[in-house]
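Novice: Chains as they are written, first to last, in our numbering: chain A, 1 to 298; chain B, 299 to 664; chain C, 665 to 1064. Let me begin by handing over the structure; questions about it come next.
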């Protein structure tokens, strides 16, 4: 009976009501989680963002007055930090991509027996705290540290110049810290790539470079898209790197949100900034995914 | 974007050896494949046939030896510079490209101007022009197989390599594709080199079959030749089934040979004696035997004193196991065409066969 | 100051960084301060303060939330013990749960704020906020008035600390330890004593100077340099002048970074040659073998304190007061000071210190003389509106 049904009807592939209900049941914990930990806080954030300080200016006391100008004020006052967040994050993403792709490629195709060892090396930084790793860079790049000493000795760095407390060191820190997030998805998509497709491309008159451009790269795009998002999104919201490796001239929007929230106790501004940041990232991500999804990749 | 040189002629492999570390995959193999022929490399897995094919494609480098097409040495030519295309085992269609773009891939790389008409034509040949805007994942296995073929032949290579191209298809589709492949090969006139472990597939399609074992070619010839006159036990067993009876050569005069097998004297054509010494392994294929009730008078080579120990009904034929006086069980296929007597387990029988269906190998051959 | 049990940096900002790092692992934090969302959810309710209605005194164990490495310690069989605290327990039979819970004034406040508001037990009887945060607690009615009868040693508090703007007469708070903010420098790289802001912001240190992210310390020193008495009422204009001065020094590239306690790392690796920093740090680093100098600015430094307060939700008031009293016993205070090396707020402790360690008794960092104290001021308490606006202006000035 079952055999008879398979060939005869298209209905075989459409889920019946019961399996649909089961699907929703299976989704329920996830949806609940999203609701509890994303939607509710988000609504709270939205609600907070239009409040104003209470008449007494009491610490942490705010009243709802639907002041949407909070968004404009917050944005105008911190344009430089917004701009910096996105340019630093973009720079870090591009540099990380330039480093991670060849790295992931070598691990996926050229590492042989070393593959697992190299993958562990990629993940190894996660075994120590993000903060400690960044502090380590601060030591390495410090004004009296080894790197500056060597560069000054070689005459590459002029006297009095430093590496830390510059945009360079912040971007370097961001790149370093998020490199694994770039490397791993690219590695995963390359590792999944059927090597026969690369052979097929060669067989069809494509040389190494053309094969990379027409086959390897397009097929690893899901990894590239995932990697760039996993780097860009947290990097644009990061404040630790700017805090530790930058100067006040390198502070990003994350630093502002952090200080509004913890130091000034100005929750509405912190909320408005967070909301603006989130929305901006969301829009950028949607544009990016749309573009990388519909573009003719070959 | 390199335009491969116009290369034509027979494919010649000279003393090709390929080792992976200590393992010799292909051992001093020499081979000539006639231009325009359908050639099959047949053998069990691990016999070196795929490695041989990959060396033809340029995907592996021979450890030593030479590969030529006509007068052109292509041993060191990169795959993308060879006038060779491959239909890969699992098709290796580019999942991110449409069918049209998959087929056009090689043409674009070579900078061919008129791409669309060429693609259209080859898609018509494989009867899938209507699917040209689909992605490979939207096609069935058989359709993908045909696209893989179209993608290769559209380039009009001097040599088309097929690596177990039908392995992933079900039996019915495989039969159909065997016929289509043969037809297409005739149509386009390209040299096809087909690697398979399926003897039926090889015999159905190929003009010439080379049976490979342990990195060497055991025997090469037309399918019928290989089947009827195998030169080694391996070939005899790899292509169909065989009964082997130990015997000794008694005399050899003119066109025929007399041999003694387990006390019975038989004759067969001299051309069928592939043994160099006196001790023989005499081979008779199961379907060549005729079964008779004991005591019937029969012509040709005859073996008496058999007892039926097992009967299996196959539809087209029936298989009998007959135990001989020297305790060897022989296998017999009888067509179910009413020609054979009604026999049951335990019946005493006589076996006969036409002398020209005998083949003899050295006793120590294997 | 011994570094034995210095688990967390003293600076609130560093602490918050470390703790933010933990919450970074949370779901949304990576998207930039969005992690604050979850915290926001716990703030901002408009319920009125349950002022005036305090819990009945039920006695029992006193629970004390304090900062790291802020109590005399001793390892006994590998276990950390607090000798001065054990004396209190032996003498009174009152049990004490000493909890190292303070990493950051703001963070600690954020954790207990809701409960304070609702009048639910926050889990601590004694808390130890810094002056300005203590001011907030008192202003909001989150601190209980101290009963002098239970604190006979109250009069032992140093005169400079006895009458401060946020708690005139010390009715709600008693100082735990104090410290100075002034100039610190690395003697290996700086060959002079830095005594003024002009010296600090001179060409030779340009780009290698760091100032504290504690507003009251950095701005307090600038204000005094500009001739403003920070212990008395000053105008918003005066404050903003100091902010402008700071902004200018940042944008001109004199100030490399604005930092919390982690400026010590910058001094160690040479990024910072000179700083506006804290006395205790320079002192402790001296003990640690570092060659640092410290001076109170000629124009005036700041004096800050951490204060013991009894939370409004405490049901263990009298025992808590007895504990506060215990630490105003000069001998006990000297015992603590000998370990933590901060300014001891108790009169007579210096004499007691003679018995423990005569060298420490001479230290102006633990027992500042009148001349030293004349050079420092306590930053006045700010109104809620001032605190909001000034801290906003300060954060903006330092780029965040």
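All C-beta atoms in this analysis are idealised placements derived from N, C-alpha and C, irrespective of residue type, glycine included.
1) Assuming residue 938 of chain C and residue 858 of chain C are in contact, meaning their beta carbons sit under 8 Å apart, how far apart are those beta carbons, in whole angstroms?
2) What number of angstroms, rounded off, separates the C-alpha of residue 123 of chain A from the C-alpha of residue 189 of chain A?
3) Residue 465 of chain B CB to nearest chain A CB: under 8 Å?
4) Between which two residues does the alpha helix (DSSP H) holding residue 91 of chain A run?
5) Quick check on residue 902 of chain C - is its C-beta less than 8 Å from some C-beta in chain A?
6) Three-state secondary structure (DSSP) at residue 422 of chain B?
7) Taking only runs that begin and end inside the stretch 890 to 936 of chain C, name each unbroken alpha helix (DSSP H) of 4 or more residues, in chain order.
8) What number of angstroms, rounded off, separates the C-alpha of residue 267 of chain A from the C-alpha of residue 71 of chain A?
9) Per the contact definition of three or more C-beta pairs closer than 8 Å, is the stretch 1006 to 1016 of chain C in contact with the stretch 754 to 761 of chain C?
10) If distances are taken between C-alpha atoms only, which option among A:201, A:21 and A:126 comes closest to residue 386 of chain B?
11) Taking C-alpha atoms, which residue in A:130, A:231 and A:247 lies nearest to residue 162 of chain A?
12) When Cβ atoms are compared, which residues of the stretch 118 to 151 of chain A fall closer than 8 Å to chain C?
13) At which residue ranges does the stretch 429 to 471 of chain B contain complete beta strand (DSSP E) runs of 3 or more residues, listed in the order of the chain?
14) Here's the rule: buried if 16 or more other CB atoms are within 10 angstroms of the residue's CB, otherwise exposed. What is residue 715 of chain C?
15) Under 8 Å by Cβ, that's how I've got residue 349 of chain B and residue 358 of chain B pegged, so tell me the actual separation to the nearest angstrom.
16) Quick check: the Cα distance between residue 397 of chain B and residue 411 of chain B, rounded to an integer number of angstroms?
17) Reducing DSSP to helix, strand and coil, say where residue 246 of chain B ends up.
18) Could you give the DSSP three-state label for residue 714 of chain C: helix, strand or coil?
19) What distance in whole Å lies between the Cβ atoms of residue 615 of chain B and residue 665 of chain B, which are believed to be in contact at a cut-off of 8 Å?
20) Answer yes or no: do residue 729 of chain C and residue 806 of chain C have a C-beta to C-beta separation smaller than 8 Å?
21) For residue 510 of chain B, is the beta carbon positioned less than 7 Å from some heavy atom of the ligand ZN?
22) Could you give the DSSP three-state label for residue 639 of chain C: helix, strand or coil?
23) I believe residue 466 of chain B touches residue 487 of chain B by the beta-carbon criterion, under 8 Å. Please report the beta-carbon distance rounded to the nearest angstrom.
24) How would you call residue 5 of chain A, buried or exposed, if buried means at least 16 neighbouring beta carbons within 10 angstroms?
25) When you compare the CB of residue 890 of chain C with every CB in chain A, is at least one pair closer than 8 Å?
26) Please state if the CB of residue 63 of chain A and the CB of residue 51 of chain A are separated by a distance shorter than 8 Å.
27) Look at the alpha carbon of residue 1030 of chain C and the alpha carbon of residue 1008 of chain C, and state the distance between them as a whole number of angstroms.
28) Any C-beta of chain B sitting closer than 8 Å to the C-beta of residue 206 of chain A?
29) Using a Cβ-Cβ cut-off of less than 9 Å, list which residues of the stretch 765 to 779 of chain C approach chain A; keep chain order.
30) Consult DSSP for residue 819 of chain C and reduce its assignment to one of helix, strand or coil.
31) Sort A:214, A:140, A:185 and A:102 by Cα distance to residue 165 of chain A and report the nearest one.
32) Report the start-end ranges of each alpha helix (DSSP H) in the stretch 820 to 848 of chain C that is 4 residues or longer and not cut off at the edges.
33) Compare the C-beta of residue 798 of chain C against all C-beta atoms of chain A and say whether one is closer than 8 Å.
34) By the DSSP assignment, the alpha helix (DSSP H) with residue 1058 of chain C in it spans what residues?
35) Let me make sure I understand the geometry here. Which of C:777, C:968 and C:738 has the alpha-carbon closest to that of residue 59 of chain A?
36) Could you tell me the boundaries of the alpha helix (DSSP H) in which residue 573 of chain B lies?
Specialist: If we stick to the structure as given:
1) 5 Å between Cβ atoms; contact.
2) Straight across, the Cα-Cα distance linking residue 123 of chain A with residue 189 of chain A is about 17 Å.
3) False, the Cβ-Cβ gap to chain A never drops below 8 Å.
4) Per DSSP, residue 91 of chain A belongs to the alpha helix (DSSP H) from 79 to 105.
5) Output row for residue 902 of chain C: interface = no.
6) Residue 422 of chain B: helix per DSSP, three-state reduction.
7) If we require 4 residues or more, the alpha helix (DSSP H) runs fully inside the stretch 890 to 936 of chain C come out as 900 to 915 and 927 to 933.
8) So the two alpha carbons sit approximately 12 Å from each other.
9) Touching, no.
10) Residue A:201 is the option with its Cα nearest to residue 386 of chain B.
11) The shortest Cα separation from residue 162 of chain A among A:130, A:231 and A:247 belongs to A:247.
12) Against chain C - using a Cβ distance shorter than 8 Å - the residues of the stretch 118 to 151 of chain A are 129, 130, 131, 135, 138, 139, 142, 143, 144 and 145.
13) The qualifying runs are 457 to 461.
14) Model confidence at residue 715 of chain C stands at a pLDDT of 46, short of 50, so the residue's coordinates are unreliable and nothing is read from them.
15) Correct: roughly 6 Å between the Cβ atoms.
16) Going by the C-alpha atoms only, they are around 19 Å apart.
17) What the structure shows of chain B is the stretch from 299 to 664, and residue 246 of chain B is not part of that stretch, so it cannot be assessed.
18) Note that residue 714 of chain C scores 43 on pLDDT, short of 50, meaning its location in the model is unreliable and no value can be drawn from it.
19) Residue 665 of chain B is absent from the model: chain B starts at 299 and stops at 664.
20) Going by beta carbons, residue 729 of chain C and residue 806 of chain C fall outside the 8 Å limit.
21) The ligand ZN is not part of this structure, which contains no ligands at all.
22) Past the boundaries of the shown model lies residue 639 of chain C; chain C is included only from 665 to 1064, so the question cannot be answered.
23) Their Cβ separation, rounded to whole angstroms, is 27 Å, which puts residue 466 of chain B and residue 487 of chain B out of contact at 8 Å.
24) With a pLDDT of 35 at residue 5 of chain A, under the threshold of 50, the predicted position of this residue should be treated as unreliable, though the coordinate-derived value follows. Flag for residue 5 of chain A reads exposed.
25) For residue 890 of chain C, the closest Cβ of chain A is not nearer than 8 Å.
26) Residue 51 of chain A places its beta carbon less than 8 Å from that of residue 63 of chain A.
27) Within the model, the alpha-carbon separation for residue 1030 of chain C versus residue 1008 of chain C is close to 6 Å.
28) So yes, residue 206 of chain A belongs to the interface.
29) Residues 768, 770, 771, 773, 774 and 777.
30) Of the three classes helix, strand and coil, the one that applies to residue 819 of chain C here is helix, per DSSP.
31) That would be A:140, whose Cα lies nearest to the Cα of residue 165 of chain A.
32) Fully enclosed alpha helix (DSSP H) runs of 4 or longer: 823 to 826.
33) For residue 798 of chain C, the nearest beta carbon of chain A is not closer than 8 Å to its own beta carbon.
34) Membership of residue 1058 of chain C in the alpha helix (DSSP H) is indicated by the continuous run 1048 to 1061.
35) Closest by alpha carbon: C:777.
36) Taken as a continuous stretch (DSSP letters only), residue 573 of chain B belongs to no alpha helix (DSSP H), as it is neither H nor E.
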